[in-house]
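A.B. asks: The sequence shown lines up with residues 1 to 395 when you count with the UniProt record's numbering.
What follows is a structure written as structure tokens; I'll ask about it next.
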Amino acid sequence: MKGSKKTLRIFWTLFAFNALFYVPGATFGAYIGVYYRSKGMNVSQIGLLSAIGPLLALILQPLWGILSDRRGRHMAVLRLALAGSAAGVLCYYRADTFLLFAVCVSVYSFFNCAVGPIGDSIVVDMALENGLQFSSIRLGGTLAYAATVVFAGMYLKTNPTASFGITAAVWCIMLLVTLFMNKEVRKYKCKKRTGILSVFKNKKILFVLFYACIFQIVLGCYGSFLGLVVTDMGYDNATIGRLMCVSALSEIPVLLCIGYISRKIRIEYLLLIAGAAMTIRIWLPLTGSIAGIFIGQSLQGVTYMIMYYSCVMFMNQNLSKELHGTGQSLFYMVQTGLACTFSNIAGGWLGGKIGLLKTYFLYGLVLLAVTALCVFVLRSHFHKDIAKQKETDFL
């Protein structure tokens, strides 16, 4: 009984931590592009500002991961990142030009890029060690985002700068939640000669990272400029909030059954299914109808959530415990660093040249082509494996 109470306490602590982690996405990330535009930024400038964070993540996330693994102090590094994120987002109150916004993004992203991978590493490890399902814990993030984004959209419509104070408060509350997690975190110190290069020896990891990168390039472009597409259609932050709510709610059925599905279907095929759905999703705004965009948002579960959950669990299952922080940082580096840097810069440039809807079409075309190529490669390897197995059985 004592053990079950402890497990229940750990579950709700991790649930709360995960829920809070996704609130800034609803109070800050979903509306920052619209805020930039209200301050006079054009599409190309918004693309560049949106790319600064991912570019820093590309450089810093592996370093944060290595630091936490080498020292075996994942929680201490996480708390530093949370405190820095809270302070960094408050800098936006003083910004009103492109240069000042660039400085704010840099300060905020320096710390914030470490929260996701190190937080996921700690949460997944604690969940597995206590017999908990990560999908159930991740559900907290989905529910919190869905509940917050609607009210945030209505409130920020008339009080846009309140986003920064609310977001800072959430990071501070997360910092307090980590105090209840400290005693349950086991420390795994990485050996000096074991590092990020050892991750690249696994060909399956390379495939997953490659496809996740292409996928995120498309999803990053879609997400970064969706607010602009919606406002160009004549809608406001309240509509954006409802769109984001639909997006979050669509993750719930996927999270409820992803554990079972991932045991029945190989990770590679799950990613390709998500990629095919993402192609449809990014093309739906081309209908010119808000209904089409709502339908696209309802595909969030079968696109982003399948990709995210599969990659996080894949890294933890295919790397030793002392490399979990490095592995998750590598995934985040590819996802929010390399992919989002390219998608935002190229997407902003293309959006300024040919328009955002045509940019969406081109990105979808690229993802469709890569997905088809990966299907062909996987089928070829599958048939080769069958042939080798038959030859072995014959001998």
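Note that CB positions come from ideal geometry on N, CA and C, so glycine has one too.
Which ranges would you report for the alpha helix (DSSP H) in the region 21 to 57 if only whole runs of at least 4 residues count?
C.D. replies: Listed in chain order, the complete alpha helix (DSSP H) runs (minimum 4 residues) inside the region 21 to 57 are 32 to 38.
A.B. asks: Of all the options ALA291, ALA276, GLY119, SER136, which has the alpha carbon lying nearest to the alpha carbon of VAL77?
C.D. replies: GLY119
A.B. asks: When you compare only the Cα positions, how much space is there between ALA95 and TRP12?
C.D. replies: 38 Å
A.B. asks: So, ASN344 versus SER163, is the Cβ gap smaller than 8 Å?
C.D. replies: no
A.B. asks: In its own chain, which residues sit with a C-beta less than 6 Å from the C-beta of VAL124, not counting the 5 before and 5 after it?
C.D. replies: PHE134, ASN316
A.B. asks: Taking only the alpha-carbon atoms, compute the straight-line gap between VAL170 and VAL23 and give it to the nearest angstrom.
C.D. replies: 7 Å
A.B. asks: I'd like to know if the region 363 to 372 and the region 80 to 87 are in contact, where contact means that at least 3 CB-CB pairs between them fall below 8 Å.
C.D. replies: no
A.B. asks: Counting only runs that start and end within the region 304 to 382, where is the alpha helix (DSSP H) found for 4 or more residues in a row?
C.D. replies: The region 304 to 382 contains these whole alpha helix (DSSP H) runs: 306 to 318, 324 to 332, 340 to 354.
A.B. asks: May I ask you to report which of helix, strand or coil DSSP gives MET168?
C.D. replies: Per the sequence presented here, residue 168 reads as Ala, with Met not at that position. Looking at ALA168 - three-state DSSP - the assignment turns out to be helix.
A.B. asks: Excluding sequence positions up to five away, which residues of its chain have a Cβ less than 6 Å from the Cβ of PRO160?
C.D. replies: TYR35
A.B. asks: Can you tell me whether MET174 is helix, strand or coil according to DSSP?
C.D. replies: helix
A.B. asks: Just the Cα atoms here: how many angstroms apart are THR239 and TYR222?
C.D. replies: 16 Å
A.B. asks: Give me, in chain order, the residues of the same chain whose beta-carbon lies closer than 6 Å to that of ARG281; leave out the 5 immediate sequence neighbours on both sides.
C.D. replies: GLY296, LEU299, THR303
A.B. asks: In whole angstroms, give me the CA-to-CA distance for TYR211 and LEU271.
C.D. replies: 8 Å
A.B. asks: Using a Cβ-Cβ cutoff of less than 8 Å, which residues in the same chain neighbour GLY131 once the five nearest sequence positions on both sides are dropped?
C.D. replies: These residues qualify, in order along the chain: THR7.
A.B. asks: For TYR269, which option in SER310, GLY65, LEU14, GLY72 has the closest C-alpha, if you only look at C-alpha atoms?
C.D. replies: SER310
A.B. asks: Roughly how many angstroms lie between the CA atoms of VAL370 and SER4, to the nearest whole one?
C.D. replies: Roughly 47 Å between the two C-alpha positions.
A.B. asks: Please classify LYS192 as buried or exposed, where buried requires at least 16 neighbouring CB atoms within 10 angstroms.
C.D. replies: Low confidence applies here, because LYS192 scores a pLDDT of 48, under 50, leaving its location unreliable; read the following figure in that light. By the 10 Å Cβ count, LYS192 comes out exposed.
A.B. asks: Sort ALA102, LYS203, SER289, ILE261 by Cα distance to LEU243 and report the nearest one.
C.D. replies: By alpha-carbon distance to LEU243, the top candidate from ALA102, LYS203, SER289, ILE261 is SER289.
A.B. asks: Determine the DSSP secondary structure at ALA16, reduced to helix, strand or coil.
C.D. replies: helix
A.B. asks: Quick check: what's the CA-CA separation for LEU179 versus GLY165?
C.D. replies: When the Cα atoms are used, LEU179 and GLY165 turn out to be separated by approximately 22 Å.
A.B. asks: Smallest Cα separation from ARG379: which of MET333, MET233, TRP283, ARG266?
C.D. replies: ARG266
A.B. asks: What does the Cβ neighbour count give for GLY116, buried or exposed, with the cut at 16 atoms within 10 Å?
C.D. replies: buried
A.B. asks: Taking C-alpha atoms, which residue in GLY40, LEU14, LEU330 lies nearest to LEU67?
C.D. replies: Distances from the CA of LEU67 to each of GLY40, LEU14, LEU330 were compared; the closest alpha carbon is that of LEU330.
A.B. asks: Near PHE294, which residues of its chain fall below 7 Å by C-beta distance, leaving aside the five closest residues on each side in sequence?
C.D. replies: LEU243, VAL246
A.B. asks: Would you report the Cα separation of GLY149 and HIS381, rounded to the nearest angstrom?
C.D. replies: Looking at the sequence provided, one finds Val at residue 149 rather than Gly. The straight-line gap from Cα to Cα measures roughly 43 Å.
A.B. asks: If you reduce the DSSP assignment to three classes, tell me which class LYS5 lands in.
C.D. replies: helix
A.B. asks: Secondary structure at MET233, three-state DSSP: helix, strand or coil?
C.D. replies: coil
A.B. asks: By the 10 Å Cβ neighbour count, where 16 or more other Cβ atoms means buried, how is PRO62 classified, buried or exposed?
C.D. replies: buried
A.B. asks: Of all the options ILE46, THR167, VAL254, which has the alpha carbon lying nearest to the alpha carbon of LEU20?
C.D. replies: Considering only ILE46, THR167, VAL254, the residue with the shortest C-alpha distance to LEU20 is THR167.
A.B. asks: If distances are taken between C-alpha atoms only, which option among GLY72, ILE137, THR27, GLY29 comes closest to LEU258?
C.D. replies: Correcting the residue identity first, residue 258 is Ile in this sequence and not Leu. Among GLY72, ILE137, THR27, GLY29, the Cα nearest to that of ILE258 belongs to ILE137.
A.B. asks: Whose C-beta lies closer than 7 Å to the C-beta of GLY25 among residues of the same chain, with five residues either side of it excluded?
C.D. replies: TYR145
A.B. asks: Going by alpha carbons, who is nearest to CYS213 out of MET233, PHE17, THR341, TRP283?
C.D. replies: THR341
A.B. asks: For PRO253, which residues of its own chain have a beta-carbon under 7 Å away from its beta-carbon, when the five flanking residues on both sides are left out?
C.D. replies: GLY301
A.B. asks: Just confirm the distance between the C-beta atoms of LEU255 and MET126, as a whole number of angstroms; I'd bet it's less than 8 Å.
C.D. replies: No, LEU255 and MET126 are not in contact; Cβ-Cβ is about 18 Å, not under 8 Å.
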